[in-house]
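Read left to right, the sequence shown gives residues -34 to -1, 1 to 922 (mature numbering (1 follows the signal peptide of the UniProt record, and there is no 0)).
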Amino acid sequence: MCGLSVIPRPGTPVRFNHLPLGFLSLVILLDSKAQQTELEWISYPPNGWEEISGLDENYTPIRTYQVCQVMEPNQNNWLRTNWIEKGDAQRIFVELKFTLRDCNSLPGVVGTCKETFNLYYQETDSEVGRSLRENQYVKIDTIAADESFTQGDLGERKMKLNTEVRIIGPLSRRGFYLAFQDVGACIALVSVKVYYKKCWSIIENLATFPDTVTGSEFSSLVEVEGTCVSDAEEEADNSPKMHCSAEGEWLVPIGKCICKAGFHQKGDACEPCGRGFYKSSSQDLQCSRCPAHSFNDREGSWRCDCEDGYYRALSDPASVACTRPPSAPQNLVYNINQTTVSLEWSPPADTGGRNDVTYRVICRRCSWEPEECVPCGPNVGYSPAQSGLVDTYVTIMDLLAHANYTFEVEAVNGVSDLSRTQRLFAAVSIATGQAAPSQVSEVIKEKVQQRSIQLSWQEPQQPNGVITEYEIKYYEKVSLWYMSKSTSATVNNLKPNTAYIFQIRAFTEAGYGTYGPRLEITTKEEATGSIYCCQNPVIIIAVVAVAGTIILVFMVFGFIIGRRYALAVKFPGTKTYIDPETYEDPNRAVHQFAKELDASCIKIERVIGAGEFGEVCSGRLKLPGKRDVSVAIKTLKVGYTEKQRRDFLCEASIMGQFDHPNVVHLEGVVTRGKPVMIVIEYMENGSLDGFLRKHDGQFTVIQLVGMLRGIAAGMRYLSDMGYVHRDLAARNILVNSNLVCKVSDFGLSRVIDDDPEAVYTTTGGKIPVRWTAPEAIQYRKFTSASDVWSYGIVMWEVMSYGERPYWDMSNQDVIKAIEEGYRLPAPMDCPPGLHQLMLDCWQKDRAERPKFDQIVGILDKMIRNPNTLKTPVGTCTRPISPLLDQSTPDFTAFRSVGEWLEAIKMERYRDNFTAAGYSSLESVARMSIELGIDFFAPFLISCFCKQHFLHIYLLP
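Shown next, in the form of structure tokens:
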């Protein structure tokens, strides 16, 4: 076999190029090392691949295949496995371990030796026999060795073992074959392992999640509904869900199950409460011991029963003790004044264990015969009330004179009406004496004149003796009195057209009764022929004229003052960023710059990714009085430290200070609940790099420039606030449904001082080398100019549709290349002007790099004059640069407005320009100069929105 060996001898070191895969999430479909008997795979031609016995790196006997026909030309040796049933898998992993001989170490081989072999597969629903047809197989990959051995290695007893993993899928048939094609290599297959990944069944938050096979894509998440364990139920509007990742790992759960009433959680199960214990609601965490005067003699109880003589009111929760009615009030005393009785008492000695004790009074009028009593009726008054008394006193009025009464005072509480025992009360019997008459209930106006009013009324229902006279009280502002012996009277000497109030009470030898209800009567107007001053037309005209003059003077004075005030208005200056790190208490910074949201207003719908501190989800935010909006929600993972919480919320303290259409907007934070959340606007198209890779080649150059312009506008805003980003990259730019690009991810951001040369020195941490300026890498000093360098890399990413900067070069190679003057070349089809702008951003001297406001101006000129995207232009750092020149756009290359519109792929809108009066190139040029790009671009947006042209070009 030309010196080929797969059997390591004792003492021979074995090199592994990859760490072993985690076995917990794997389902093995084939493992050649685990089979001790012959594999019996199909080899074609028969003298090609050869099955032999050997030892693996751990000296365990294994069966392997090897081939080494390098001395013969035109090799085409095939090896096929037995049929492999895939089960539920959609995405299959194939792990190959092999050794390969270096062709240079094989003497006498002339151009026929290879150092690779090919891997194929064929999908079938069942076994197809032992025939092998090459055209039925789909190629997976060409497998090359990272390490090859030589004859010298064999002499030193070294063996270099290669491990390669390839993925196939999605698969749609019941099973498949693997095939290996050798085209002239000296190779040995030490082992072949075929497996797929799955998330194993687990119980999380009292919900069972079944075995779940991972999705067919690397980034796919499989949503799984959980099933509550026995005696558990779903939390309201929060059904349990988890997502199985492509690596066979369960992500942080959403929703949960809780133990039902009468059951408590123990581990991953719900157990019934023991005897003498209860749990009244599923929201309670643990079972509680039965409260006082209650019991239960069964397991799994949600409440405890009351002992005999004790009760629980309907409004009482199950957690309170059972109680009983109170005892009778103590020390009842009374005081009588004619037909009014006052009662006072002391609280009961036993309140029954409750604090809702009130009192009620029962009044009975009794005859002179014993035990002949009737209720007092509605004519008796109680002050403050007859029942529901909180205080220990009451006054009973309007009793009959010379009558016997019995009063009972009962203490009651919330369970008194439930008790079946005899009522307990304090009682007293009283005989009333002589009393004043009762109230005159109704007064009738008989006749109303200009200066007199005639009244009549009925005798009181309870005169309580002989009424000798009636007193009439009437008043305008000061009370007056008039006496009448009968039930009618005429009151004279009143004023005309004047309202009077009348009240009447009766008088007996026992004294006056109480006044009756008030009656308001207005006397008639006095007939007269005099003319009042207010009816004089001359006076009216004079008053109106004077009032109009005064109003006019005030209006003129107000106009002058208003103009002075308007001229004195001052607009505030540019907002300055405040570093949250300067706050002694970081929580204060969060609550100063970020709005605290109620967690109940946020609904998490699905997991869309994982962040540094936890999961990233999408959901809805519904604030009171506003319509719900789509949001992205960053959550802080369980078990966080206080430092992680501060670092997590620091980003919200930063984002809350920004308000710009090209910077991601912060909706608010949740810090007073769990999980801790940061809520931001939802960007439907995700990160810019992934979006561009997904839509490779689908945009025009001017659309890409519009994207770059939006990013530059957002960075200009941040720079003007005195702020440096430090991690500007396409992965940290988000794109919404309208293709607007917005700067995000402020985890590495830091403030810079007002001094334009001021820098920020980091205290450690990782630096994104491929996007970072050389001075920031070498000295860890960051400025707005280092952000400009990063922006140049973003430009390169956009124009290359998300390609990785510096490709597969290592970070050390990138640093070395930049120090030696190397710069990224122009991407395919990138206009020279854009690449020149990138090179300006990558000037070694940071003072020579353009500012963000200059970059915005350059991109504006490119958008309104697309011809500059076709010809080389100067750099922005030279005063004579055409990009910074404010001259008219160059229309000399076009003969008409129609040709210019064709150049920017907007020819369908020729009629729109003609209708707006722009029929010549000169008029278009004047429009762009006189009105400026801030007018011109929105005009194009309104015209061309259906074409998506400049959808992504939104000016601040």
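All C-beta atoms, glycine included, are put in the ideal place defined by N, C-alpha and C.
- Gly634 is the residue among Glu650, Ser653 and Gly634 whose C-alpha sits nearest the C-alpha of isoleucine 644.
- Taking a cut-off of 8 Å for Cβ pairs, the stretch 685 to 698 and the stretch 740 to 757 touch, as three or more such pairs fall below it.
- Rounded to the nearest whole angstrom, the C-alpha separation of valine 188 and arginine 572 is 11 Å.
- According to DSSP, phenylalanine 243 shares a beta bridge with Arg255.
- Comparing alpha carbon positions, the residue from Glu412, Gln610, Glu130 and Cys567 closest to aspartate 107 is Glu130.
- For the set Pro740, Val375, Lys226 and Asp274, the Cα lying nearest the Cα of serine 308 is the one of Val375.
- The criterion of a C-beta distance shorter than 8 Å is satisfied by tyrosine 244 and arginine 269.
- Proximity of the stretch 172 to 189 to the stretch 140 to 159 falls short of the contact definition, fewer than three beta-carbon pairs being nearer than 8 Å.
- The residue among Glu562, Gln820, Pro793 and Tyr767 with its C-alpha nearest the C-alpha of serine 685 is Gln820.
- The Cβ neighbour count for glutamate 763, taken over all protein chains shown within 10 Å, is at least 16; the residue is labelled buried.
- DSSP links cysteine 236 through a beta bridge to Gln231.
- Sixteen is the threshold: since fewer than 16 other Cβ atoms of the shown chains lie within 10 Å of the Cβ of threonine 548, the residue is exposed.
- By the beta-carbon neighbour count (other beta carbons within 10 angstroms, threshold 16), alanine 173 is buried.
- Minimum Cα-Cα distance from arginine 132 among the listed residues Gly275, Thr434, Val60 and Ser138 corresponds to Val60.
- In this structure, serine 756 lies away from alanine 696, with their beta-carbon atoms at least 8 Å apart.
- Per DSSP, valine 160 is not a residue of any alpha helix (DSSP H); the beta strand (DSSP E) it occupies stretches across 152 to 165.
- With a contact defined as Cβ atoms closer than 8 Å, asparagine 370 and aspartate 322 miss out at about 34 Å.
- In this structure arginine 241 touches aspartate 263 by the C-beta definition: roughly 6 Å separates them, less than 8 Å.
- Membership of phenylalanine 175 in the beta strand (DSSP E) is indicated by the continuous run 173 to 175.
- Rounded to whole angstroms, the Cβ separation of leucine 805 and arginine 830 is 23 Å, and the two are not in contact under 8 Å.
- Apart from sequence neighbours up to five positions away, the residues of its chain that approach phenylalanine 115 with a beta-carbon distance below 6 Å are Lys126, ordered along the chain.
- According to DSSP, residue pairing for threonine 193 in a beta bridge involves Thr174.
- Contact between isoleucine 743 and isoleucine 699 does not hold, since their C-beta atoms are separated by about 22 Å, which reaches or exceeds 8 Å.
- Residue state for proline 73 is assigned as coil, using DSSP reduced to three classes.
- CA-CA distance, tyrosine 10 to leucine 45, rounds to 6 Å.
- Each residue's CA atom was taken as its position, placing alanine 392 and glycine 266 some 45 Å apart.
- Beta-bridge partners of glycine 347 (DSSP): Met363.
- Between valine 340 and arginine 331, the alpha-carbon positions lie close to 5 Å from each other.
- Asparagine 303: member of the beta strand (DSSP E) spanning 296 to 303, first to last residue.
- In this structure, DSSP gives tryptophan 268 a state outside helix and strand, which the three-state scheme calls coil.
- In the DSSP assignment, glycine 676 falls within the unbroken alpha helix (DSSP H) covering 667 to 686.
- Contact annotation: serine 418 and threonine 453 have beta-carbon atoms that are not nearer than 8 Å.
- Following the DSSP letters along the chain, one finds lysine 603 in no beta strand (DSSP E), marked with neither H nor E.
- Its chain contains Thr30 and Gln32 as the residues whose beta carbon lies nearer than 7 Å to that of isoleucine 18, once the 5 sequence neighbours on both sides are disregarded; these appear in chain order.
- Remark: three or more beta-carbon pairs, one from each stretch, lie closer than 8 Å, so the stretch 164 to 179 and the stretch 203 to 223 are flagged as touching.
- Straight-line measurement puts the Cα of leucine 137 at about 14 Å from the Cα of leucine -6.
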